[in-house]
Amino acid sequence: MSNVSYKLLHKLALQDDGPSNTLQALLTSTLETTTADGRPRHSEQAQQNLIKVIASHSYAKVIFPLCHFMVVAAQRKIPLYYWFTMTQPMTASSLASSLRSASDQISPDNHTDMKNQLVITIARGNYTFDVNLSHIAKHSALFDLIMEIIGYEGLEILYNKLAYAENRHEIASVSNDLARGIYQFLKDHFPTASTEKKARFMHDFLAKCTGQNASISTSDINDSLIIDFWLEFSLDAQSKFRLFSNCAHSWVTYRQAIRLAASNRFQKGASLDALNEQGVAEISRIDQNAAQVIFDEIAEGPSSTAKLRQINPSILKTVKLVNATEFDHLAELIKFGNEGHTLVLTILRLLTFAPVQARLVEASRKRKMQASAMHSLADDDAYSHVFDHINTLTDTIRGLTEAAAFSLYLAQSSTFIYAAVPLANTQEQKELTNARTRIRASLTKPMDEIILAEKISAELLKKLPQIMPVFFAQLKQARKKYRRKGLGKLPIEDSNSWISELTTGIEVLSEMATHLNRLTSTYLANENPHTKQKTLKSCFAEDRDIFFKQFRQIYGQAS
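Quick note on my numbering: the sequence shown kicks off at 96 and runs consecutively.
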């Protein structure tokens, strides 16, 4: 990579260690790629632009035009692999030649107009946009790096999706997906200077509390340490931990990082030094939006946060499972992931005092008095009310899951068997298994396994009210209680999408309920007088004094 200097990357990144070995390898591979005759695949400007985009973390603005180019290419039926196997460098003229060649082989497109040789105007519905091939060529190296980061198969799925994009929103959706993928990758392999600084503060504070050479575990990061850290750093006007919400989410991520560092992925053990050497990428990932992503590397499936996004009411088309308020409350709780049940007091503090601090921040910004902001928490049972809310949310999630399951039953969809049956108790699941065995034994005629499975599912669905009467009645009752869009009524069209969204929704809601149940069970344990734990009432009384004293020091007259 003789034409590209990593000194530029270091300078723009404002950090000493630069990109990780993984990122360096990808950059080297991308920038040194040649065509069949040995010429560089990307121009020197495209190489330098890639370095600048990464170092400045400004890739989102470049990805959007790239997505428009992919719309043009995909809608001309040019396969994705073509752009990575071109026999000539990715210049504006070579891109134009390829697009013209594809246009000659397909029917005329009345929605496409070549303003000149290098600018294409596209009209899709009410959306008209230009694709400047000179701009695409200048950022062609980023196109290759995107493919390396998210994988060819992942990029091909989005590419094929763009083949049918009809408006700006659909293109922006793909652009945002790509930007998030690049963002998360760079958070792992190229953290910002600000993030590095925050991680160092946390590392040093933990070292001071536990001893520099002491072995550490997730239990070292507890409710007490988090509040002590916030009290120490929130008074600094330049601190990134001024908001208690940022502080809490950062420590949750750090806790997850230690758990990851202690796993089989790292072999040096869980000392602070070893964690700093081998787990710096994980530790520095303290942006609250990235809290759950850490475990994606060691979990078999996507994180709970990623799963929750699948039922975001703004993206579901045929059903609306949770409303916007319920979704936001779930998102706040799910950020704690598997750490939540051991950081219950931190969750209570966050849900109770973060809104107060938000009002104080706004009042301070507008330089207005906010005398009532803190006095609104006079109720000594504030923490109990938070748990009442979590209990109510848990009941709602459970009911919505059952209502969605009953909708699948009404459709007589075979997906009901594997998506909804796990909601039943062990005895009824056993009864269903026995019924499946009897039905299979009665079908003695040889047949294809797929057809056999369909017949068994159809028979089970038909006999479900008799096989699992209690479970069936429970689902039926939930359908009456929870009336949301797409529940309890068969769709007139697009039934496949409806079934798919219901099936995904049942899986996601079930996992959310599991997380919430762990929180509420911890609450019950704390309320048990035999545990000798402080009551929630006494905890709140102490915390109210602590937080309000700190708020007065931070915001002065605004509080």
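Cβ coordinates follow ideal geometry from the N, Cα and C atoms, glycine included.
Between residue i and residue j, how many whole angstroms is the CB-CB distance? I'm expecting something under 8 Å.
i: H163; j: F238; result: The pair is not a contact, with the Cβ atoms about 12 Å apart (cut-off 8 Å).
i: L190; j: E251; result: Not a contact, Cβ separation roughly 19 Å.
i: A477; j: F635; result: 5 Å
i: I406; j: A500; result: Not really, about 14 Å apart at Cβ, beyond 8 Å.
i: H234; j: L161; result: 7 Å
i: L556; j: Y504; result: 7 Å
i: Q615; j: F482; result: A quick correction: the sequence has Thr, not Gln, at residue 615. Contact flag correct, Cβ pair sits at about 7 Å.
i: I429; j: H610; result: 6 Å
i: R219; j: A260; result: 7 Å
i: L570; j: L495; result: Not a contact, Cβ separation roughly 12 Å.
i: L228; j: L213; result: 5 Å
Among residues of its own chain, excluding the 5 on either side of residue i, which ones have a beta-carbon nearer than 7 Å to its beta-carbon?
i: I241; result: L250, L273, I277
i: E434; result: V347, R350, Q351
i: K256; result: V269
i: R493; result: A608
i: N612; result: T489
i: A530; result: L555, K558, I562
i: E606; result: S399, K402
i: D318; result: L438, L440, T441
i: S592; result: K412, T413
i: F431; result: V347, L438, I442
i: N418; result: P408
Compare the C-alpha of residue i against each of the options and name the closest.
i: I322; options: Y254, I649, I641; result: I641
i: A294; options: N116, K156, H344, T186; result: H344
i: E554; options: L538, F566, L213, V565; result: L538
i: F566; options: C304, I245, Q522; result: Q522
i: R639; options: T128, Q569, V451, N529; result: V451
i: T528; options: A498, L559, S502; result: L559
i: V456; options: L126, Q142, I649, I173; result: I649
i: T491; options: G432, K525, A573, S193; result: A573
i: E637; options: R578, Q561, L547, L443; result: L443
i: H424; options: L488, S409, F448, V439; result: L488
i: N271; options: A449, K525, L253, S592; result: L253
i: E427; options: I410, A232, R404; result: R404
i: G246; options: T496, S459, L121, R535; result: L121
i: Y577; options: S590, E497, A458, K629; result: E497
So, for residue i: in the same chain, excluding its five sequence neighbours on each side, which residues have a beta-carbon less than 6 Å away from its beta-carbon?
i: W346; result: I316, I321
i: A154; result: Note that residue 154 corresponds to Tyr in the displayed sequence, not to Ala. Correct list, in chain order: V148, I277.
i: V375; result: Unreliable placement is indicated for V375, whose pLDDT of 41 sits below 50; no coordinate value is reported for it.
i: Y222; result: N262, R263
i: K461; result: none
i: G651; result: none
i: S78; result: Nothing about residue 78 can be read from this structure; the chain reaches only from 96 to 654.
i: C342; result: W325, F336
By DSSP's criteria, residue i is part of a beta bridge. Which residues make up the other side?
i: T129; result: P135
Please report the straight-line C-alpha distance between residue i and residue j, rounded to a whole angstrom.
i: F422; j: K412; result: 16 Å
i: A168; j: S595; result: 29 Å
i: L301; j: R647; result: 27 Å
i: P541; j: M563; result: 29 Å
i: R263; j: I158; result: 14 Å
i: Q119; j: D331; result: 36 Å
i: T598; j: A514; result: 6 Å
i: L445; j: S334; result: 18 Å
i: V414; j: D543; result: 34 Å
i: T437; j: E327; result: 23 Å
i: L416; j: S552; result: 25 Å
i: S312; j: A187; result: 54 Å
i: I217; j: V226; result: 8 Å
i: T125; j: Q279; result: 19 Å
i: A236; j: Q142; result: 6 Å
i: W178; j: H298; result: 45 Å
i: K584; j: K575; result: 11 Å
i: F296; j: L518; result: 45 Å
i: K156; j: I231; result: 12 Å
i: K402; j: S192; result: 42 Å
i: E243; j: T180; result: 14 Å
i: R275; j: K629; result: 42 Å
i: S196; j: S508; result: 46 Å
i: T182; j: T128; result: 12 Å
Taking 8 Å as the limit between beta carbons, can you name the residues of its chain near residue i, skipping five residues before and five after?
i: A632; result: Residue identity check: residue 632 is Lys in the sequence provided, not Ala. Counting only Cβ-Cβ distances below 8 Å, and skipping sequence neighbours, we find D475, D476, Y478, S479.
i: P184; result: T130, R134, P135, R136, H137, S138
i: K644; result: none
i: T447; result: L472, A477, Y478, V481, F635, D638
i: R535; result: L547, I551
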